[in-house]
Amino acid sequence: MSETPTFDKATLAWTLPWQTDWVTAIAFIGGGRKLAAGNRRGQILVWDLPEAPGGEPPVPVRCLGGHTNEVTRLLATPDGKTLISSSYDHTIRYWNVDEPASGTAEIILDSKDRAAAAKKLGDKAPPPAPGLTVETQTAQQVLTAHQEWIVGLSLSSDGNTLLSGDDAGQVIVWDRATANELRRWKVKGWVFGLAISPDAGLALVAERFPLVFTPADHHRGVKLWDVEKGEVKHDLSAQYKVYIGGAAFSPDGQLLVLAQGNETSNGKLFLIESEGGKPVREFPGHAPGGVHDVRFSPDGRYIFSCGRDTLVRVWNVADGTQLAEVGKPRGGQFKDIWHAFSLSADRQWLAAADMSGQVVVYKA
Numbered sequence: 001m002s003e004t005p006t007f008d009k010a011t012l013a014w015t016l017p018w019q020t021d022w023v024t025a026i027a028f029i030g031g032g033r034k035l036a037a038g039n040r041r042g043q044i045l046v047w048d049l050p051e052a053p054g055g056e057p058p059v060p061v062r063c064l065g066g067h068t069n070e071v072t073r074l075l076a077t078p079d080g081k082t083l084i085s086s087s088y089d090h091t092i093r094y095w096n097v098d099e100p101a102s103g104t105a106e107i108i109l110d111s112k113d114r115a116a117a118a119k120k121l122g123d124k125a126p127p128p129a130p131g132l133t134v135e136t137q138t139a140q141q142v143l144t145a146h147q148e149w150i151v152g153l154s155l156s157s158d159g160n161t162l163l164s165g166d167d168a169g170q171v172i173v174w175d176r177a178t179a180n181e182l183r184r185w186k187v188k189g190w191v192f193g194l195a196i197s198p199d200a201g202l203a204l205v206a207e208r209f210p211l212v213f214t215p216a217d218h219h220r221g222v223k224l225w226d227v228e229k230g231e232v233k234h235d236l237s238a239q240y241k242v243y244i245g246g247a248a249f250s251p252d253g254q255l256l257v258l259a260q261g262n263e264t265s266n267g268k269l270f271l272i273e274s275e276g277g278k279p280v281r282e283f284p285g286h287a288p289g290g291v292h293d294v295r296f297s298p299d300g301r302y303i304f305s306c307g308r309d310t311l312v313r314v315w316n317v318a319d320g321t322q323l324a325e326v327g328k329p330r331g332g333q334f335k336d337i338w339h340a341f342s343l344s345a346d347r348q349w350l351a352a353a354d355m356s357g358q359v360v361v362y363k364a
């Protein structure tokens, strides 16, 4: 396996406008440059990125319709054949973005710019220009076992086992290919941080009650579960009393990174051994504000994280040093957020889902 670049010399390839609402989820699909993103209204768009950066931003080629509320996670199977989405509409959906389109639709990518121009010109504003016509597609399969918002979604390295968690505390293990439920368990709080180990043997479940302001009602839990048995293997709650909003296992399954996600925290990263939870080191993380997404590089040498400072930060696993910052802060923790990011299969491209209504794409 070739080494993952640190993106210390990354250049902005394109800013892809999508001003309808916050962009909340993102994933590269397959071995090429096919990119999917989801937003707070439940829409999913797909782009085919050019081979070389620069020039006019590419436009979406397809719109995936069906979700009726925020898209919380997007994942692609290792073979690149299936895109998986989860949503606040209580569903998980499977998509084959290479299958024939079901129709066409008109989408508006620059709605904020249009509204600002119309307000400025008033009665002199010309009739609105037509939107962009794109192909549409419906989901291959819809999974409906959850009854509340689905917040967490994670896939084993072989793509065979899917893990999902919701704000009723339900954690469900799926056979990904058949979409059959294998087992489930319940935790006390909302499931916020969720990760399954590469071999599908362990699951990290971080839970809490949000928007609770009385100390007596506070609840936070961080536990490692045996996936096959549906039993707690290690309870790390006493070690990590902060809000853990994200987690990821290393490619070899030996390490686990926990991401602090509180709005007002400094967003630390905690690296631990996955077997037993022994601390390895802390990373200073993102400040101000917490971490929204975290993962290891495919070669396991680096940790990538993004958060409320509108940056993707790259960390050296071996010694904890920061190697790169991708992006630029834009005004503080309540101003702009990068909700999620994705690395392309060849590790040459990095894309982030931007709260301000755009997708940003960088070339290593």
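Mapped onto the UniProt record's numbering, the consecutive letters of the sequence shown carry residue numbers 1 to 364.
Glycine is no exception: its CB is placed at the ideal position from the N, C-alpha and C atoms.
For residue i, which residues from the same chain have a beta carbon less than 8 Å from its beta carbon, with the 5 sequence-adjacent residues on both sides left out?
i	result
HIS67	GLY38, GLY42, GLN43, ILE44, SER85, SER87, ASP89, THR91 and ARG93
LYS112	GLN19 and GLY357
LEU311	HIS286, GLU325, VAL326, GLY327, LYS328, PRO329 and TRP338
THR144	HIS90 and THR91
Output yes or no for whether 9 Å exceeds the beta carbon distance between residue i and residue j.
i	j	result
ALA139	LEU74	no
THR77	GLY165	no
GLY221	LYS188	yes
TRP149	ASN262	no
VAL291	THR6	no
ARG33	SER237	no
ASP354	VAL23	yes
GLY246	VAL205	no
LEU109	SER154	no
ASP167	VAL142	no
TRP47	VAL359	yes
SER305	LEU35	no
LEU83	ILE172	no
PRO198	SER157	yes
LEU255	TYR240	no
PRO130	ARG114	no
GLY320	ARG347	no
Which partner residues does residue i have in the DSSP bridge list?
i	result
LYS34	ILE29 and ASP48
LYS186	GLN170
ASN266	Answer is none; ASN266 lacks a bridge partner.
THR68	THR68 pairs with nothing; no bridge assigned.
HIS234	LEU224
ARG62	VAL46 and GLU135
GLN254	Paired residues: none, contrary to the question.
GLU273	LEU255
Taking the alpha helix (DSSP H) that residue i falls in, what are its first and last residues?
i	result
ARG114	111 to 121
Just curious, the beta strand (DSSP E) that residue i is in, first and last residue?
i	result
PHE304	302 to 307
ASP226	220 to 226
ILE108	Taken as a continuous stretch (DSSP letters only), ILE108 belongs to no beta strand (DSSP E), as it is neither H nor E.
GLY165	161 to 166
HIS90	No beta strand (DSSP E) holds HIS90; DSSP gives it neither H nor E.
PRO279	279 to 283
THR72	71 to 76
HIS339	338 to 343
TRP14	11 to 17
TRP315	311 to 316
TYR243	Careful: TYR243 lies outside any beta strand (DSSP E) and carries neither H nor E.
ALA324	322 to 327
HIS292	291 to 296
THR136	132 to 137
SER154	150 to 155
TRP349	349 to 354
GLU207	202 to 208
GLN358	358 to 363
VAL142	141 to 143
Among the residues of its own chain, which have a CB less than 6 Å from the CB of residue i, if the five just before and after it don't count?
i	result
ASP226	LYS233
GLU273	none
ASP175	LEU182
SER250	PHE296 and GLY300
ASP336	THR310, ARG330, MET355 and SER356
Buried or exposed for residue i, going by 16 or more other Cβ atoms inside 10 Å?
i	result
LYS363	buried
ARG183	exposed
HIS219	exposed
LEU121	exposed
ASP79	exposed
SER102	exposed
GLN260	buried
ASP309	buried
GLY307	buried
ASP235	exposed
GLN147	exposed
Taking 9 Å as the threshold (beta carbon to beta carbon), is residue i in contact with chain E?
i	result
ALA351	No chain E is part of this structure, which consists of one protein chain only.
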